[in-house]
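Chains A and B, in that order, are what the protein sequence lines are. Position one of the first sequence corresponds to residue 831 (my numbering), numbered consecutively onward. Position one of the second sequence corresponds to residue 4 (my numbering), numbered consecutively onward. By construction, the Cβ of each residue, glycine as well, lies at the ideal position given by its N, Cα and C atoms. Single-structure report; data block below.
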Amino acid sequence: MVYQRGKQSIFDSKILRDSAVKLSPLYLARNSPVMFTVEVAFLLVLGIALIPNMSSDFVNENSLFYFESAIILIATVWFATFSESLSEAQARAKVDSLRNLEKEVQAKKLVGGEEVPVASTSLRPGDRVRVYAGEIIPRDGIITEGKSFIDESMMTGESNPVFKEKDNPVLGGTKVASDKITVEITAEAGKSFLDEMVSLIEGATRPKTKNEIALTILLAGLSLIFITVVGTMMFLGYYLGYRMDIAVLFALLVALMPTTIGALLPAIGIAGINRLARDNIVVKSGKGVEAAGDCDVLILDKTGTITEGARRAIAFVPLEAFTEQDIVEAAYASSFNDPTPEGRSIIELANQMKIEPSFMMEVLAAKPIDFNSETRYSGIELSPKKKLSVNPSPSNPDLPRTRVSSRIEDMEGSNIQVRILKGAVDAILKIASRVNEAELKWKAQEVSKTGGTPLAVAINDEVIGLVSLKDTLKKDIREKLGEVHITGINTVMITGDNLLTARMIAKEAGIDQVMAEAKPTDKLGRVVDEQLKGHVVGMIGDGTNDAPALAKADIGLAMNRGTAAAREAANMVDLDSDPSKILKAVKLGKQLLMTRGAITTFSIANDIAKYFAILPAMFSKVNPKAEALNLMHLHSPESAVISTLIFNAVIIPFLIPLSLKGVKYKAEPLEKTFVKNMLIYGVGGVVLPFAGIKAIDLLVGLFWR
Amino acid sequence: MLIGFGIMLILGFSQQSGPTGLETRFGNFGTVLFNEASIATNTGSANSALTGMSPNAVIGLFLGMFVQAIPGADGLGMMMMIVFVILTLFLVGLMVGKTPEFMSMKINPRDVKIAAFVFLIHPMIILIPAVVAYTTDNAQTVVSGVSSPMTFTQVLYEYTSAAANNGSDYLGTSANTAFWNWSTAWVMILGRYPPIGLMLAIAGSFTTRDRKEVVEPIKTSGPLFVGVLSVMVFILTVLTFFPFLVMGPFSL
């Protein structure tokens, strides 16, 4: 029953006060019809306890019995409001911990190059501030100068500091861990991401979702049926000569009504949002969480979600006329000034193969050719040799001379400008004239088939060979996708790669369908297509051009590092910017629905045992035949009623941890989950109260007067 | 499949009953089987006087009328079963973490609301008239002036039979009074038309709904679903009337 998380005690005075306020009949009537009925029963029973002898027909126990019943009834209601307050307190705790970050800090505003200390609240968008190591960034902004590691753990939970440099966005409230940076403020006061997040979580006292409404209606319907049953029973029992006590009738009503689920319903909903918040996913509406559980098609970006997003060289493929040595030397040279991970990986691979261009000196002195979107290649341009023919082999005479090195020497010797380039196959083909096009294309296709991306390397207009770049799959992605698959969710991978590469990666990762050579705008089309087929679609996005698709998708998970438009459009935001988190959101959504279903089933199944506890107590005094129903042989009719009520009440706090944590979820076929949950909560719901009521009765029997 | 379920239900009832009174050409088992089958399928014909039947057999008859969802029944059978299926799917769907679906269409709050109404009507039009009959002394005058479990069983049977579109009768000719005729007539009207209207509303809203091209998460066939459905039917109807069965036929 004791449920503690961190330093927060369950008996926090705030929670107690809040749960007491929620006992107000007005609040209950609006939010929980079942609990409202229980409270009405409490008031009536209390009334009878205070004014005894009001009716000889319906009141025939001593007033102690009524007081006991009344206390248990109000305790039932309080347990319900307590569970709600507890889950709300957890949501608030998260908000508070975020609020603490937002304390006002001293900022060093740059005015004409001078640092002027000002309060962070006085900053306006466009202001520039300098932040040193150990200081807190006053508000969201963009780095305009310097690079630094930034500790974002308070915001994202990511413990490793993140490297940020010029033009990267930084979040207010995060700490600079090294060096100093200059930040241009972009957010208005009170409009930063932190504020946005706080308001999102506080909004957790949200409108009810569709499923929740349907369930509330079902519960209200059941309650009404049982009210009819108990109400008519009172009259019919009277005419048939049973002396039915009104408190016992109320006890029967409260026992039969689905009080357990009625009590825990609000807590379950809030807890779902909480659990996502704990995983650093901010949900904008409860609807999003539920939709996540329903999701049956996931549209995933290849880069960043399925693969690490950093392509690495894995092999060099020379064309017919060249050797491996040639292509390695050329690729090395072309990547020498390339700072991208791809370029570096080429150098690394060459180093592993212990191959270095024999014309290293020239490479060192070369001029870089930067990548631009028009030419789509990069590389180096060797500077014309100064002391040309003094030494024919200046760099290292020990190294074997390959065709590439000799060719470069020849060209240098004849004073032709040498450019060593690498780029996409079609981009290189445009500038290369001396190449066997068919061979190049065939080899490029071979590379694609293995899941790699081919990159062609050329010296001036002669293509030397290809570098195969491959994106590595994310750790565990195969297992994660496997789990998703088992639960019947289809996965679609969207990528700009060609079909062959895409298929290969999909096969490796266990993806069902691919959408190759896709532009970002194709996402929206795919989302709409799938929805028309009746699927519930989940997708991830971070760019502004993802926004329409994010808004259209049933579950749109935006990355925190993404653009504001994307965050606005999505119904969930992942603070860690980890796209594979969508799998977690799906899992939590399912858990939320399952918890509701399980506790409802449990609650209804409990009724069987409660009938067998209370009905003998009502009938057996007058009708000896009803003794046959007395399966449990409880201490006395009064103790039977009290025990049933106590069971009914204490089962609520016992189930609070379950409703806050959620039903255990394992990735397995739905059928299996169903059987398992039915056995635990259905059959268990029938059996447990028999045992529970009997146990409580034995305990009560010890103290019975 | 569903008809098999119906037969299973009927057999379940007939096993627990055994007539004490009337002998017929069919013998005990045959008589009870006929009565159970005819009453569970809402036809209302009987091949023996009900007064001669054992309490267990009468409970069986009651259960058949409370459930009134035997597919193929003459009346609301299949329709009631579909309402049961919707409610069961709702719970089952939640249990596996999916928004509930019926025939690849989402079940929305309105459907649940209507289904809950259908279930609410049934006990109301049986129990409330029974209370009225007692408070207006009509019940007592018609049956020998005493309030015994027997008379209660008869009164309950009258309205249950009327509400379930049955037509079989337990009160005998002594009930041919204005009160009984009028009240039974009203219960018959309320027992038949409002549920049909509500079910048409559900059907109507389903016809306008988009049907998904997706495989349903939970198959509505096979022993698993039928088992759960039976338990749901049992809980939703039998538990509602359990105390009255105890007060009536059980105490005979």
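Between A/E1211 and A/R1237 a beta carbon distance of about 16 angstroms is seen, past the 8 angstroms cut, so the two are scored as non-contacting.
The residues P103, in chain order, have a CB closer than 8 angstroms to that of B/L97 in the same chain once the five nearest residues on each side in sequence are set aside. Contact between A/L903 and A/V1084 holds, with the beta-carbon distance rounding to 6 angstroms and staying under 8 angstroms. Restricting attention to B/G170, B/M127, B/I117, B/V86, the CA atom closest to the CA of B/S233 is found in B/V86. Of all residues in the segment 1370-1398 of chain A, none has a C-beta nearer than 8 angstroms to a C-beta of chain B. Within the same chain, and ignoring the five residues on either side of A/N1460 in sequence, the residues whose Cβ sits closer than 7 angstroms to its Cβ are P1446, S1450. Taking a Cβ-Cβ threshold of 9 angstroms, the residues of chain A close to B/V231 are F1504, M1508, G1512, in chain order. For B/M127, the C-beta contacts it makes with chain A under 7 angstroms involve T1058, in order along the chain.
With its beta carbon less than 9 angstroms from one in chain A, B/Y137 belongs to the interface.
Here A/P1483 is buried: its Cβ has 16 or more other Cβ atoms, across all protein chains shown, within 10 Å. In the DSSP annotation of this structure, the continuous segment of the beta strand (DSSP E) that includes A/P1198 starts and ends at 1197-1199. Between A/T1321 and A/L1128 the beta-carbon gap is near 5 angstroms, inside 8 angstroms, which marks them as a contact.
Under a criterion of Cβ atoms nearer than 8 angstroms, the residues of chain B adjacent to A/K1040 are, in order, T102, N111, P112. In this structure, DSSP gives A/Q920 a helical state, which the three-state scheme calls helix.
With 16 or more neighbouring CB atoms inside 10 Å of its own CB, A/M1508 falls in the buried class. Cβ atoms of A/L1423 and B/K101 come within 8 angstroms of each other, at about 7 angstroms. Think of a sphere of 9 angstroms around the beta carbon of B/I238: the chain A residues whose beta carbon falls inside it are I1434, A1435, D1437, I1438, in chain order. Residue burial annotation: B/Q157 is buried, with at least 16 other C-beta atoms found within 10 angstroms of its C-beta. A/T1317 places its beta carbon less than 9 angstroms from that of A/K1420. Excluding sequence positions up to five before and after B/I129, its CB lies within less than 6 angstroms of the CB of Y162, T163, A166, all in the same chain and listed in chain order.
In the three-state DSSP reduction, A/G1371 falls in the strand class (E or B). At a cut-off of 4 residues, the continuous stretches assigned as alpha helix (DSSP H) that sit fully inside the segment 105-185 of chain B are 112-138, 141-145, 152-166. Under the Cβ distance rule, A/Y1069 counts among the residues neighbouring chain B, one pair being separated by less than 9 angstroms. In this structure, A/A1348 sits away from A/T1374, with a CB-CB distance that is not shorter than 9 angstroms. A/Y962 and A/K1496 have their C-alpha atoms some 47 angstroms from each other.
Annotated as distal: B/F93 and A/L1066, with beta-carbon spacing of 9 angstroms or more.
According to the DSSP assignment, A/M1345 belongs to no alpha helix (DSSP H) but to the beta strand (DSSP E) extending over 1343-1345. By the Cβ rule, the segment 905-913 of chain A counts as touching the segment 1469-1487 of chain A, because three or more pairs are nearer than 8 angstroms. Around the Cβ of A/S843, a 10 Å sphere holds fewer than 16 other Cβ atoms; the residue is exposed. Between the beta-carbon of A/Y1207 and that of A/L1179 there is about 19 angstroms, and that puts the pair past the 8 angstroms contact cut. The beta-carbon of A/I1043 is placed less than 9 angstroms from the nearest beta-carbon of chain B. In the DSSP assignment, B/M98 falls within the unbroken alpha helix (DSSP H) covering 80-98.
In terms of beta-carbon proximity, A/L1423 lines the interface with chain B, with at least one pair separated by less than 9 angstroms. Neighbours of A/L1066 in chain B, taken as residues at a C-beta separation under 8 angstroms, are given in chain order as L130, A133, V134, Y137, F155, F247, M250. Taking A/P1454 as reference, the option from B/G80, B/M68, B/P152 with the minimal CA-CA separation is B/P152. Around the C-beta of A/R1397, 16 or more other C-beta atoms lie within 10 Å, and the residue is accordingly described as buried.
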